[in-house]
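Asker: Sequential numbering of the sequence shown, starting at 1, is according to the UniProt record's numbering. I am attaching a structure below and will ask some questions about it afterwards.
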Amino acid sequence: MADEADLKIDERLASHSSYFNSLVQLVPTKFYLPDNDEEKGGKFYKNKGKQAPKQSVKESSRKAKKRRLDPEQPKSALDLQDGKANKRESSDSGNDSAEEEGDNDGGFSVEKVASGKISDLRAKLHERIEMLQLKRKSSEKHTDRPKKKSKSEIKADKNKKHETSRKINEQHEKKPNRVLNDKGEVVFSKFDFMERTKEKGVTHGSKARNYKTLLAKAERRQKKLEDLAQENPSRAQELKERIAWRGALAKAEGVKQKDDPKLIKKSLKRREKQKEKSRKQWKSRIEHTQKQKEDRQKQRQKNLKERSLSKKGKGMKGKPKNPKKHKPGF
């Protein structure tokens with residue numbers, strides 16, 4: 001009975017083994033068992049130290065192609081696994097190289113990064129850290145941080161600012177001293193235009209100029225010139241030239257001259273005519289306005305009278321005569 005049970009177990013194990021072997025044969029060899037150690041580590045370690053040159057890559061690809069075409073080479077992953085197992089059995093069991101290849105089942109072994117590579121990376125890291133620290137210290141030295149002020153210094157700065165602003169305000173508030181001319185009149189600049197303006201107002205008039213005053217003044221000046229011409233002709237001629245020169249300057253400034261008696265009389269006559277015309281127009285306008293007012297008043301009275309009469313007539317016609325009710329017994 002024991003022999004039969006052992007046979008059944010062996011048969012079952014053999015069937016399981018053949019089944020797993022068939023599954024392993026379905027897996028491509030490049031995914032199940034890499035050919036060399038470099039292919040093993042290349043998948044898991046991205047920053048490899050060694051990079052194969054182009055020529056070696058071409059050579060390895062050419063050899064791999066030959067191995068694929070060689071009929072004696074194992075085709076499946078199971079064949080490769082069996083070959084590796086045979087090599088391990090033939091090698092010395094105490095050899096350290098057998099331990100590095102992995103277990104007999106042919107499973108993966110995650111390779112360790114070479115100690116030299118790790119030390120290089122650590123050295124680079126420490127060097128980088130030291131460089132950054134030195135850079136930060138040098139920047140802190142060169143940076144001039146402002147010194148924190150004390151309360152007394154802050155208060156002194158505030159007082160200084162207030163004093164400066166107060167002085168500026170006082171300068172703005174100060175009014176400039178008034179400049180007076182010889183007659184005691186205010187002059188707003190270094191040039192005195194007061195006398196010239198007054199002369200213009202008197203000589204050439206303004207918007208409310210009086211033509212009669214201008215005419216009287218012009219006639220007096222003309223009479224003086226005539227009298228002076230009889231007494232001293234050269235003096236009279238000099239005075240005429242001066243008056244002409246003054247008139248030319250006034251014309252250049254754009255001021256009309258009102259010193260000719262004939263022109264003043266003509267302007268005065270024209271002005272009187274304009275006044276008379278305006279007076280007549282104003283009078284007719286007042287009369288017309290008064291007439292319109294009276295007409296509107298008459299029309300209003302007429303309308304009121306007609307309305308009252310119409311109301312009375314409507315009242316007489318519209319009201320029916322109610323017969324008097326006799327009381328019984330009377």
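Here a beta-carbon is modelled for each residue, glycine too, at the ideal position from N, C-alpha and C.
So, is residue 249 buried or exposed, given that buried needs 16 or more other C-beta atoms within 10 angstroms?
Answerer: That one is exposed.
Asker: Starting from the C-beta of residue 264, find all residues in its chain whose C-beta is less than 7 angstroms away, skip the five residues before and the five after it, and write them out in chain order.
Answerer: These residues qualify, in order along the chain: 211, 214, 215, 218, 258.
Asker: Can you check the stretch 209-250 for any alpha helix (DSSP H) of at least 4 residues that lies completely inside it and give the ranges in chain order?
Answerer: Counting whole runs of 4 or more residues, the stretch 209-250 contains the alpha helix (DSSP H) stretches 211-231.
Asker: For residue 27, which of helix, strand or coil comes out of DSSP?
Answerer: Looking at residue 27 - three-state DSSP - the assignment turns out to be coil, as it is neither helix nor strand.
Asker: From residue 17 to residue 90, what distance separates their C-alpha atoms?
Answerer: Near 24 angstroms, if we compare the C-alpha coordinates of residue 90 and residue 17.
Asker: Should residue 229 and residue 236 be called a contact, given that it needs their Cβ atoms to be closer than 7 angstroms?
Answerer: Yes, these two residues count as a Cβ contact at 7 angstroms.
Asker: When the Cα atoms are used, what is the spatial distance from residue 23 to residue 9?
Answerer: For residue 23 and residue 9, the distance between alpha carbons rounds to 21 angstroms.
Asker: Does DSSP put residue 57 in a helix, in a strand, or in coil?
Answerer: DSSP places residue 57 in helix when its eight states are reduced to three.
Asker: Quick check on residue 290: buried or exposed, where buried means 16 or more other Cβ atoms within 10 Å of its Cβ?
Answerer: When all chains shown are included, residue 290 counts as exposed.
Asker: Where residue 165 and residue 148 are concerned, what is the direct C-alpha to C-alpha distance, given to the nearest angstrom?
Answerer: Computed Cα separation, rounded: 25 angstroms.
Asker: Using the three-state DSSP reduction, which class does residue 10 fall into: helix, strand or coil?
Answerer: If DSSP states are grouped into helix, strand and coil, residue 10 belongs with the helices.
Asker: Work out the CA separation of residue 85 and residue 21 for me, nearest whole Å.
Answerer: Rounded to the nearest angstrom, the two C-alpha atoms are 15 angstroms apart.
Asker: Rounded to whole angstroms, what's the CA-CA distance from residue 125 to residue 133? Just pull it up for me.
Answerer: Their backbone Cα atoms lie some 12 angstroms apart in a straight line.
Asker: Would you tell me roughly how many angstroms separate the C-alpha atoms of residue 274 and residue 262, rounded to the nearest one?
Answerer: Taking the straight line from one Cα to the other gives about 18 angstroms.
Asker: With 16 other CB atoms within 10 Å as the buried threshold, where does residue 80 fall?
Answerer: Its Cβ being crowded by 16 or more others within 10 Å, residue 80 is buried.
Asker: Just to confirm my understanding: we take residue 285, look at its own chain, exclude 5 residues before and 5 after, and list those with CB closer than 7 angstroms. What are they?
Answerer: Here the set comprises nothing.
Asker: Helix, strand or coil: which one does DSSP assign to residue 83?
Answerer: Of the three classes helix, strand and coil, the one that applies to residue 83 here is helix, per DSSP.
Asker: Look at the alpha carbon of residue 12 and the alpha carbon of residue 63, and state the distance between them as a whole number of angstroms.
Answerer: Distance between the alpha carbons of residue 12 and residue 63 is about 41 angstroms.
Asker: Quick one: grab the DSSP three-state call for residue 152.
Answerer: If DSSP states are grouped into helix, strand and coil, residue 152 belongs with the helices.
Asker: Look at the alpha carbon of residue 233 and the alpha carbon of residue 240, and state the distance between them as a whole number of angstroms.
Answerer: Roughly 10 angstroms separates the two Cα atoms.
Asker: Mapping DSSP to helix, strand and coil, what is residue 328?
Answerer: Three-state result, residue 328: coil.
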